[in-house]
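Student: Mind having a look at this structure? Questions to follow.
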Amino acid sequence: MAETTAGAPGQRVSLRCEAAGQRLDVWLGEALGVSRSAAARLIASGRVTVNGGPAEKRRSVRVGDQVEAALPEPDPMDAVPQNIPLDIVYEDADVIAVNKPRGLVVHPAPGHPDGTLVNALLYHCGGTLSGIGGALRPGIVHRIDRDTTGLILAAKNDFAHQKLSEQLKDHTLARGYRCIVIGNLREDSGTVDAPIARHRTDRKRMAVAPEGRRAVTYWEVRERLRGHTDLFCRLETGRTHQIRVHMAHMGHPVLGDPVYGRAVADLGGQCLHAAQLRFLHPRTGEPILLSCPLPEEYERMLKKLR
81 MAETTAGAPG QRVSLRCEAA GQRLDVWLGE ALGVSRSAAA RLIASGRVTV
131 NGGPAEKRRS VRVGDQVEAA LPEPDPMDAV PQNIPLDIVY EDADVIAVNK
181 PRGLVVHPAP GHPDGTLVNA LLYHCGGTLS GIGGALRPGI VHRIDRDTTG
231 LILAAKNDFA HQKLSEQLKD HTLARGYRCI VIGNLREDSG TVDAPIARHR
281 TDRKRMAVAP EGRRAVTYWE VRERLRGHTD LFCRLETGRT HQIRVHMAHM
331 GHPVLGDPVY GRAVADLGGQ CLHAAQLRFL HPRTGEPILL SCPLPEEYER
381 MLKKLR
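According to my numbering, the stretch in the sequence shown is residues 81 to 386, in order.
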């Protein structure tokens with residue numbers, strides 16, 4: 081965790097470390113809400129100091145370290161606006177939350193140069209999205225997988241983006257998911273506290289591994305079904321594929337998950353839905369709780385399994 085003085089691209093950001101042990105590039109990426117590689121590039125370019133001296137990415141941070149980062153001016157946004165319909169759940173001058181459908185990729189990437197949520201947001205918002213995420217991820221505060229449905233929050237300016245990124249780290253921004261898993265869980269609730277890392281042989285997958293980053297998922301049973309269980313899951317951390325990996329690690333993969341379980345022909349992807357978002361408005365501090373209904377295919381599976 082870090083204590084942060086707000087800053088924008090082109091300005092200096094001051095961060096004070098409140099927890100020790102992580103490598104500087106990992107810790108800085110989380111503190112700024114950017115990728116580890118982006119943080120490493122900042123360090124390599126001499127834009128980061130620790131306690132007034134030069135920084136090295138492999139150095140471990142210590143409690144009380146004072147880290148200064150000079151944020152570069154944002155790159156020109158390479159993602160182009162596209163008129164793609166959006167299911168908007170909440171919007172104001174600082175943030176926008178949408179209910180993402182299955183199959184919509186969040187931001188441009190190899191194999192998906194356009195037709196993404198970012199392209200749709202740029203069109204809807206007239207290009208007014210934060211630049212902290214870079215040229216291909218403007219406004220994106222957190223992500224959900226292509227075939228996961230539900231709520232995703234984006235920032236319209238750098239001030240909102242940084243404030244929301246801080247909330248991700250101190251868990252003020254809370255995310256709740258519904259999922260149907262295979263099998264019947266004995267307990268009514270529980271916690272999975274298991275570190276997640278990139279799979280050692282399949283780089284497209286994640287896996288529970290002792291060398292991974294800490295990952296915590298809280299779950300509770302919503303409904304017991306025939307050979308399946310409907311769960312509500314709350315994330316403490318936000319690792320890639322976290323719920324999918326943790327459920328598979330428990331021996332109860334998410335229904336329809338083609339990577340960590342098995343595909344279901346009439347489902348089209350994993351039965352996982354980002355159902356709730358709770359956060360403090362980045363400008364006013366007002367608590368905001370958002371929710372969106374289950375998608376049609378999720379409701380259909382519930383009826384089929386009852």
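Here a beta-carbon is modelled for each residue, glycine too, at the ideal position from N, C-alpha and C. Quick caveat: nothing in here was measured; it's all calculated off a predicted structure.
Where do the ends of the alpha helix (DSSP H) carrying residue 204 lie?
Tutor: 197–205
Student: For residue 379, which of 117, 145, 281, 353 has the nearest alpha-carbon?
Tutor: For residue 379, the nearest C-alpha among the options comes from 353.
Student: With C-beta atoms as the reference, is residue 213 less than 8 Å away from residue 161?
Tutor: Contact check for residue 213 against residue 161 fails: the beta carbons are separated by 8 Å or more.
Student: Near residue 314, what residues of its chain come up, given a Cβ to Cβ distance below 6 Å and the 5 sequence neighbours on each side ignored?
Tutor: 256, 298
Student: Which residue's Cα is closest to the Cα of residue 165: 198, 301, 241, 159?
Tutor: 198
Student: Can you check which of these residues, 321, 316, 326, is closest to residue 226 by C-alpha distance?
Tutor: If you compare the alpha carbons of 321, 316, 326 with that of residue 226, the shortest gap goes to 321.
Student: CB residue 381 to CB residue 351, shorter than 8 Å?
Tutor: yes
Student: Helix, strand or coil for residue 238 per DSSP?
Tutor: helix
Student: Closest to residue 37 by C-alpha separation, out of 94, 242, 183, 190, would be which residue?
Tutor: A question about residue 37 goes unanswered here, because the residues of the chain that appear run from 81 up to 386.
Student: Taking the continuous alpha helix (DSSP H) assigned at residue 377, which residues delimit it?
Tutor: 376–385
Student: So, is residue 157 buried or exposed, given that buried needs 16 or more other C-beta atoms within 10 angstroms?
Tutor: In this predicted model, residue 157 has a pLDDT of only 48, less than 50, meaning its place in the structure is not dependable enough to derive any value.
Student: Can you give me the Cβ contacts of residue 369 inside the same chain, cut-off strictly under 6 Å, excluding the 5 residues immediately before and after it?
Tutor: 358
Student: Compute the distance between the beta-carbons of residue 258 and residue 374, then report whether it is under 8 Å.
Tutor: yes
Student: Throw me the rounded Cβ distance for the residue 332 and residue 288 pair, which I believe falls under 8 Å.
Tutor: The C-beta distance from residue 332 to residue 288 rounds to 14 Å, too long to fall under 8 Å, and the pair is not in contact.
Student: Nearest-angstrom Cα distance between residue 119 and residue 105?
Tutor: Roughly 5 Å between the two C-alpha positions.
Student: Where does the unbroken alpha helix (DSSP H) through residue 322 begin, and where does it stop?
Tutor: 322–329
Student: Suppose only complete runs of 3+ residues qualify. What are the beta strand (DSSP E) ranges in the region 119–185, listed by chain order?
Tutor: Fully enclosed beta strand (DSSP E) runs of 3 or longer: 128–130, 146–150, 168–171, 175–180.
Student: State the beta-bridge partners of residue 257 as determined by DSSP.
Tutor: 313, 354
Student: What do you get for residue 82, buried or exposed, if any count of 16 or more other CB atoms within 10 angstroms of its CB means buried?
Tutor: Bear in mind that a pLDDT of 47 at residue 82, under 50, signals an unreliable position, so the model cannot answer this.
Student: So what does DSSP say about residue 109, is it helix, strand or coil?
Tutor: Residue 109 sits in a helix when the DSSP states are folded into three classes.
Student: Below 8 Å CB to CB, which residues in the same chain sit around residue 244 once its five sequence neighbours on both sides are set aside?
Tutor: 113, 175, 221, 233, 235, 253, 359, 362
Student: Grouping DSSP H, G and I as helix and E and B as strand, with all else coil, what is residue 273?
Tutor: strand
Student: Compute the beta-carbon to beta-carbon distance between residue 149 and residue 108, rounded to the nearest angstrom, for a pair I have assumed lies under 8 Å.
Tutor: 7 Å
Student: Got a sec? Which residues, its chain only, sit under 7 Å from residue 279 by beta carbon, not counting five neighbours each side?
Tutor: Sequence-distant Cβ neighbours of residue 279 in its own chain, meaning closer than 7 Å and more than five residues away, are 285, 286, 287.
Student: In angstroms, rounded to a whole number, what distance separates the CA positions of residue 345 and residue 338?
Tutor: 10 Å
Student: According to DSSP, simplified to helix, strand and coil, what is residue 319?
Tutor: coil
Student: Going by DSSP, what residue range makes up the beta strand (DSSP E) through residue 297?
Tutor: 296–305
Student: Comparing alpha-carbon positions, which option in 295, 308, 170 lies nearest residue 249?
Tutor: 295
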